[in-house]
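Visitor: Under this note's numbering, the residues of the sequence shown are numbered 12 to 231, in order.
The structure's right below; bear with me while I get my questions together.
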Amino acid sequence: MTDPLIYRDRSEAGQVLARALEHYRNTDNALVLALPRGGVPVAYEVTRALGIPLDVFLVRKVGHPRQREYAIGALASGGALVLEPHGEQLPGAEIDPVVQEETLELERRERLYRHERPLPPIAGRTVIVVDDGLATGASMRAALQALRAQQPARLVVAAPVGAPDTCRALGALADEVVCPRQPEDFEAVGRWYQDFAQLSDEEVLAFLQRALLRTAQSPS
């Protein structure tokens, strides 16, 4: 029997999340920002259901210098860097080369996903930041730190599933955290999806292009 807390895929997760965000349907000047790559198909369903424009906000996880798959923090567009406690204990001489490498990759993805388009204005807007799940929350914290500096009217964290402790902690940084499923035995984001395949850059671009076309065709 399938666990009722497990999503079929990111599209179904986005549809569930959209229902949890229904109270933002008629919000003027709202904006959804997806954290690529996994947050993009989730956010696409949110924007499709609620009629809110979609864009991306780039975040890169920073891996341990000697074990790169082990995240010690995250880097966001604009240079915001958030380190986990175990990352803060490492000397800068070890961390700096990793941050520089991830900065280059972040800049590459900025050029690829945004095609030189500037980030939409943030000041005074309701900004909903979407990811496919919240484990440690490092990526989301980096995004919130960078976005808060641009003075949004309201900053909302939205994810289909997350660790309860992480969701509570993010509540101190955002005006609202919307996370419809918070299993106590969380372990990892991928556990709560039947299909959690990695997305390619081409797939991300396809979602963004469809969202941009929908926005352009929407009545003003």
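A virtual CB, placed ideally from N, CA and C, is assigned to each residue, including glycine.
Within 10 angstroms of its Cβ, does Phe218 collect 16 or more other Cβ (buried), or is it exposed?
Guide: Burial call: buried.
Visitor: Let me check one thing: in DSSP terms, what residues is Arg128 bridge-paired to?
Guide: Paired residues: none, contrary to the question.
Visitor: Please confirm whether Gly144 and Val200 have their CB atoms less than 7 Å apart.
Guide: In this structure, Val200 lies closer than 7 Å to Gly144 by Cβ.
Visitor: With DSSP collapsed to three states, give me the class of Ala239.
Guide: The structure shown does not extend to residue 239, since the chain is modelled only from 12 to 231, so the question has no answer here.
Visitor: Short of 7 Å in beta carbon distance, which residues of its chain neighbour Arg71, apart from the five on each side in sequence? Order them along the chain.
Guide: Only Ala85, Leu86, Glu113, Glu116, Leu117 meet the Cβ criterion.
Visitor: Is it buried or exposed, Leu42, if we count other Cβ atoms within 10 angstroms and call 16 or more buried?
Guide: Result: buried.
Visitor: Could you compute how far the alpha carbon of Tyr55 sits from the alpha carbon of Thr177?
Guide: The straight-line gap from Cα to Cα measures roughly 23 Å.
Visitor: Assuming the contact rule is C-beta atoms closer than 8 Å, Val167 and Glu187 should be a hit. Round their C-beta distance to whole Å, please.
Guide: Yes, they are in contact, since the Cβ atoms of Val167 and Glu187 sit about 5 Å apart, within 8 Å.
Visitor: Taking the alpha carbon of Ala134 as the point to measure from, which residue in Ala29, Ala160, Gln220, Trp203 has its own alpha carbon closest?
Guide: Measuring from the Cα of Ala134, the nearest candidate turns out to be Ala160.
Visitor: In three-state DSSP terms, what is Ile83?
Guide: In this structure, Ile83 counts as strand in the three-state DSSP scheme.
Visitor: Could you pull out every unbroken beta strand (DSSP E) segment of at least 3 residues lying fully inside the region 157-229, listed in chain order?
Guide: List check, beta strand (DSSP E) in window: 165-169, 187-189.
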